[in-house]
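Read through the structure below, which is laid out as structure tokens, and then see the notes.
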Amino acid sequence: MKIFGLVGWSGSGKTTLIRKLIPELIGLGYRVSTMKHTHHNFDIDKPGKDSHEHRIAGASQVLITGTKRWALLNENRDNPEPSIEELLARMDDVDVVLIEGFKSHAHAKLEVFRPSVGKEMIAKTDRSIVAVATDEGLGDIALPVLDLNDIAAVAQFVVEFCDLQRRVINGAA
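Counting from 471, one number per residue, gives the positions in the sequence shown under this note's numbering.
Dropping the structure here:
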């Protein structure tokens with residue numbers, strides 16, 4: 471299973487790019503999953519719901535299931551956050567996992583960079599960044615520069631960089 475990251479400052483368009491990149495890669499015949507890292511506490515469960523009450527009561531894990539989807543909530547409590555490797559081991563095997571965030575991990579990443587955000591380019595100090603997607607000219611940099619608005623070109627870069635191979639499913643590629 472290949473992994474490829476997207477990083478950038480808040481407001482740069484990481485989530486928008488991933489949201490557009492997923493169907494583009496799927497349309498090319500690849501199976502795609504995502505992983506999103508946040509520095510904020512988050513809760514996908516809702517107070518007052520039974521599953522939330524299970525968690526509050528102390529359950530280590532709560533599995534919520536229905537006809538359309540299921541989710542397994544894990545409470546870290548006083549344990550450290552699991553590593554990317556531990557989290558990936560819990561995911562189904564797909565062609566590529568797009569990872570948003572996890573800036574400090576050494577996996578290959580595309581930086582989503584907008585000079586208008588007013589922050590320094592992360593790629594200047596992060597050697598794990600292999601390309602930059604932007605909506606403005608960047609001048610002379612030593613990395614491939616992709617048009618942030620050309621989703622097909624960004625998808626093709628991911629396919630080529632990760633050396634993705636289409637899987638044959640029921641005789642069709």
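All C-beta atoms in this analysis are idealised placements derived from N, C-alpha and C, irrespective of residue type, glycine included.
Query raised in the report: With a CB to CB cut of under 6 Å and the five nearest residues on each side skipped, what residues in its chain are close to Ala-541?
Result: Ile-534.
Query - Three CB pairs or more closer than 8 Å across the region 515-527 and the region 585-602 - result: Fewer than three beta-carbon pairs drawn from the region 515-527 and the region 585-602 are found closer than 8 Å, and the two stretches are therefore not classed as touching.
Query raised in the report: How would you label Glu-590, buried or exposed, when you count the other beta carbons within 10 angstroms and need 16 or more for buried?
Result: Burial call: exposed.
Query raised in the report: Is the distance from the Cβ of His-522 to the Cβ of Gly-571 below 8 Å?
Result: Not in contact: His-522 and Gly-571 (Cβ atoms no closer than 8 Å).
Requested in this report: Just tell me which of Val-587, Phe-631, Arg-501 has its CA closest to the CA of Met-561.
Outcome: That would be Arg-501, whose Cα lies nearest to the Cα of Met-561.
Query raised in the report: CB-CB under 6 Å to Glu-494, same chain, minus the five flanking residues each way: which ones, in chain order?
Result: If you ignore the 5 residues before and after Glu-494, its C-beta comes within less than 6 Å of the C-beta of Ile-621, Ala-625, all in its own chain and listed in chain order.
Query raised in the report: Measuring CA to CA, which of Leu-634, Ile-611, Cys-632, Val-628 is closest to Leu-487?
Result: Here the closest residue by C-alpha is Val-628.
Requested in this report: Identify whether Ile-492 lies in helix, strand or coil by the three-state DSSP scheme.
Outcome: Note: Ile-492 maps to helix in three-state DSSP.
Query raised in the report: Which of the three DSSP states, helix, strand or coil, is assigned to Asp-520?
Result: The answer is helix: DSSP assigns Asp-520 an H, G or I state.
**Report entry** Segment limits, alpha helix (DSSP H) that includes Ala-625
**Finding:** It spans 621-632 - the alpha helix (DSSP H) in which Ala-625 sits, taken as one unbroken run.
Query raised in the report: Mapping DSSP to helix, strand and coil, what is Lys-573?
Result: In the structure shown, Lys-573 sits in coil (DSSP, three-state: anything other than H, G, I, E or B).
Report task. Helix, strand or coil for Ile-554, going by three-state DSSP, please let me know. Result -> Looking at Ile-554 - three-state DSSP - the assignment turns out to be helix.
Query raised in the report: Does DSSP put Ala-601 in a helix, a strand or coil?
Result: Strand.
Query - Residues that DSSP places opposite Ser-480 in a beta bridge - result: Paired residue(s): none; Ser-480 is not in a bridge.
Report task. Would you mind giving the Cβ-Cβ distance between Phe-474 and Leu-568, rounded to the nearest angstrom? I have them listed as a contact below 8 Å. Result -> In this structure, Phe-474 and Leu-568 form a Cβ contact; the two beta carbons are roughly 6 Å apart against a cut-off of 8 Å.
Query raised in the report: For Ser-586, which three-state DSSP category applies?
Result: Reduced to three states, the DSSP call for Ser-586 is helix.
Query raised in the report: Using a Cβ-Cβ cut-off of 7 Å (strictly less than) and excluding sequence neighbours within five positions of Gly-481, which residues of its own chain qualify?
Result: Excluding positions up to five away in sequence, the list reads Val-587.
**Report entry** Span of the beta strand (DSSP E), counted from its first residue to its last, around Leu-543
**Finding:** Taken as a continuous stretch (DSSP letters only), the beta strand (DSSP E) holding Leu-543 covers 540-544.
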